[in-house]
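So the structure is just underneath, and the comments pick up after that.
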Amino acid sequence: MSLVSEAARILLNGLQTGAIYVLLAIGLSIILGTLKFVNFAHGALYLIGLYAGLLISQETTFSGGQLAEFGFGTIGLDWGFLAALLIVPALVFVLGIAMERFVARPFYDRPDTDQILLTFGLAIVAQQVVRVLFSGSSQNFAQPSWAAGPLQLPLIGGFPQWRLWVIGITAVLVLIVYALIEFTDFGLTVRAGTQDTEMVQLLGIDISRPYVVVFGIGAALAGVAGVVGGPLNVVNPTVGTDILVPAFITVVIGGLGSIRGAVLGGLILGITESFLIQWSLVIPSLGIDYGFAPWSQVGIYAIAAVILLVRPQGLLGSEVDVS
Amino acid sequence: MSLLELEGVDAYYGESHILRAVSLSVEEGEICALLGRNGAGKTTTLRSIAGAKPPAVRDGRITFDGTEVTGRAAEDVSMGGISLVPEERRIFADLTVAENLHLADVARNRSNTFGRSIRIGRDGMTTEEVFEFFPRLEERDSQKAGTLSGGEQQMLAIGRALKQTTELMMLDEPYEGLAPQIIEAVEHAIERISDAGTTLLLVEQNAVAAINIADRCYVIDQGEIVFEGSAEELREDDETRERYLGV
Ligand SMILES: Nc1ncnc2c1ncn2[C@@H]1O[C@H](COP(=O)(O)OP(=O)(O)OP(=O)(O)O)[C@@H](O)[C@H]1O
Ligand SMILES: [Mg+2]
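Listed below in structure tokens is the structure:
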């Protein structure tokens, strides 16, 4: 394989990995930026989106768990992937709104540590409930039949079609959310609220309504990440908490409250990860053939550390202290 | 009946008791000044009226245009006709001048904010009218508000308040940090707003500047009203001025 085609492949894989981080980070970031709410349960929304997607799109046989014990080992609506892709965001949007109302809102005035304890606890509860119901073993989430298999691309050759779809779906969703925030009155209120919530209220705006919507949108994007990422990643109860760390790193390196920052941060992380996974140092004359895949997680922390040393507010974060 | 009336208002930040039985009234059409030293409780008084929290008003009544507004949400008080030009201006630095002004419209497009209890005040200015009032803002229309000079930011903060349905405009130290000739311009703007019929409650540490344009004055010290009278009376009351205002 030529160097160029390998680079292109690394880039595409990086975009796809990054796309999942972007979907998660946008919600985290705007919720943190506007509501100053630290939501460690954001990964749980991904987890719920993932399992809801699995159950809607196909029939799955779970080898263990309470449901199997009660004789419901094989369950699922089998409505197909597209149905999951449409239903899950709506479902998780509603879940997000409920979460804002009953979990987040009573804790807005509490210290960050309280919010973290609360939401992290909630994330663990969600994870354990999924484990109890469906067992801890990994499941197979089938790719949509209409996007299975490779697509022949110039330069690269065969490339998994679904990965391209993930990039495309993410791009469309990001553009929609970006337009909503940049070009509508709703977005104007949210952007103003990010800077000074009380002043927005003093102008006569009941900001709790746009904020509920922000929470719902953030949640829905996390749910979408679960569905589109499902066929590409591991499906088990711990994925929600596992993905939380890279999602937070994405927010932090991109800059709090910035959508463009979340996109940039996600792409940097995704490409770094994909580079380290696929790249190996080969020097035949010395007999060296070393793959960097084991270093991929270390790599994303390292790059985050470097970026934060140079720009503590994140790449596109504003200089002002948001707290 | 006064437009705004505070009767025995006690306000707290957490457990610290800041305002002690503050009573004051603002008559329709006048410029009323609330003066006092650093930390006297001036901002706390305005925040209590505006419905900003904290402080918490635990005792007393605040009545606006005959309707009790004590403890109401800030957005409701704003929609009812009280606007605030806050301390340090608090314009939205990352938004453009036009967006800053447009936010007041966003609120007013809303239909069901207030219940029926307080009438919606006179319609606020349109953006065009604000630009006529402060031509400087029109030139800076699409500029980020954070890049404006201090004086222009103050104009924006006042312009934003003018767009609200304002019966009563409260200004918290509008001259703070401004150069003398800018102070004059802001003072002139305040007089024009007053001439147009809006009632003003002006908070200042700079007593001389405030006495100049005010009809009536209150002096607050350690959360208590210690003087009430016309600007003329305060000008002649050397003891009060020296003791509480240091001038
Ligand atoms: N958020 C707060 N929490 C606790 N105490 C506060 C808070 N804000 C103000 N205070 C205290 O309340 C008292 C009155 O403050 P306030 O801001 O009303 O004074 P002020 O008259 O506006 O002063 P300045 O001229 O400096 O603006 C002060 O002693 C101040 O320390
Ligand atoms: Mg003050």
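Order-wise, the sequence lines are chains E and H. Once you know that position 244 of the first sequence is 865 in the numbering used here, the rest is easy, because the numbers rise by one and skip nothing. Once you know that position 209 of the second sequence is 193 in the numbering used here, the rest is easy, because the numbers rise by one and skip nothing. Ideal Cβ placement from N, Cα and C applies to all residues, glycine included.
Fill in: Cut-off 8 Å between Cβ atoms - residues of its own chain near E/I745, not counting five sequence neighbours on either side
T862
Worksheet item: Given a limit of 9 Å on CB to CB distance, which residues of the segment 139 to 169 of chain H reach chain E?
Response: R144, A145, K147, Q148, T149
Discussion item. Tell me whether H/E123, by its Cβ, gets closer than 7 Å to a heavy atom of ligand 2.
Written reply: no
Practice prompt. Measure the Cβ-Cβ separation of E/A665 and E/A747 and say whether it is below 8 Å.
Written response: yes
Fill in: Segment limits, alpha helix (DSSP H) that includes E/Q736
733 to 755
Worksheet item: Going by DSSP, what residues sit across from H/D(-6) in a beta bridge?
Response: H/D43
Worksheet item: So, H/V61 versus H/M154, is the Cβ gap smaller than 8 Å?
Response: no
Discussion item. Taking the straight line between their C-alpha atoms, what separation do you get for E/I790 and E/G875?
Written reply: 21 Å
Fill in: Same chain, Cβ closer than 6 Å to H/T182, five either side skipped, listed in chain order
T150, M153
Item to complete: Take every Cβ of the segment 1 to 16 of chain H, pair it with every Cβ of the segment 916 to 929 of chain E, and state whether three or more of those distances are shorter than 8 Å.
Response: no
Worksheet entry | N- and C-terminal bounds of the alpha helix (DSSP H) containing E/F804 | 782 to 804
Worksheet item: Should E/T862 be flagged as near chain B, meaning a C-beta pair shorter than 8 Å?
Response: The structure shown contains no chain B; its protein chains are E and H.
Discussion item. I want to see whether chain H comes within less than 8 Å of E/G825, judged by CB atoms only; does it?
Written reply: yes
Worksheet item: Any beta-carbon of chain E closer than 8 Å to the one on H/S62?
Response: yes
Worksheet item: Along the segment 794 to 813 of chain E, what residues have a CB closer than 9 Å to any CB found in chain H?
Response: D806, F807, L809, T810, R812, A813
Worksheet entry | Where H/F118 sits in the DSSP three-state scheme | coil
Discussion item. For a test of the three-state rule: what should DSSP assign to H/A198, helix, strand or coil?
Written reply: coil
Item to complete: Tell me whether the beta-carbon of E/L675 lies closer than 8 Å to the beta-carbon of E/Q760.
Response: yes
Worksheet item: For E/L890 versus E/G639, is the C-beta distance shorter than 8 Å?
Response: yes
Worksheet item: Hey, how far is the Cα of H/T27 from the Cα of H/E188?
Response: 10 Å
Worksheet entry | Straight-line gap, E/G814 to E/G882 (C-alpha atoms, nearest Å) | 18 Å
Worksheet item: Since E/G878 and E/I651 are thought to touch, with beta carbons under 8 Å apart, how far apart are those beta carbons, to the nearest angstrom?
Response: 6 Å
Discussion item. I'd like to check one pair, H/F118 with H/G135: are the Cβ atoms closer than 8 Å?
Written reply: no
Item to complete: Taking only heavy atoms of ligand 1 into account, decide whether any of them is closer than 7 Å to the Cβ of E/Q749.
Response: no
Worksheet item: So what does DSSP say about H/Y159, is it helix, strand or coil?
Response: coil
Worksheet item: Would H/D222 count as contacting chain E if we go by Cβ distances under 8 Å?
Response: no
Worksheet item: Under the DSSP definition of a beta bridge, which residues are partnered with H/H1?
Response: H/Y(-4)
Worksheet entry | Three-pair Cβ contact test at 8 Å for the segment 626 to 642 of chain E versus the segment 827 to 845 of chain E | no
Worksheet item: If we count Cβ pairs, one from each stretch, closer than 8 Å, do we get three or more for the segment 805 to 824 of chain E versus the segment 639 to 648 of chain E?
Response: no
Fill in: Distance cut-off 7 Å: H/T28 Cβ against heavy atoms of ligand 3
Among the ligands modelled here, namely ligand 1 and ligand 2, ligand 3 does not occur.
Worksheet item: chain H partners of E/V954, CB-CB under 8 Å?
Response: A question about residue 954 of chain E goes unanswered here, because the residues of chain E that appear run from 622 up to 944.
Worksheet item: What beta strand (DSSP E) runs, 3 residues minimum, are completely inside the segment 846 to 918 of chain E?
Response: 901 to 904, 909 to 912
Fill in: Where H/A215 sits in the DSSP three-state scheme
helix
Discussion item. I need the straight-line Cα distance from H/A(-5) to E/L649, nearest angstrom please.
Written reply: 36 Å
Worksheet item: Hey, quick one: how far does the alpha helix (DSSP H) through H/V187 stretch, first residue to last?
Response: Element bounds for H/V187: not the alpha helix (DSSP H) but the beta strand (DSSP E), 183 to 188.
Discussion item. Whole angstroms are fine: how far does the CA of E/W783 sit from the CA of E/A769?
Written reply: 6 Å
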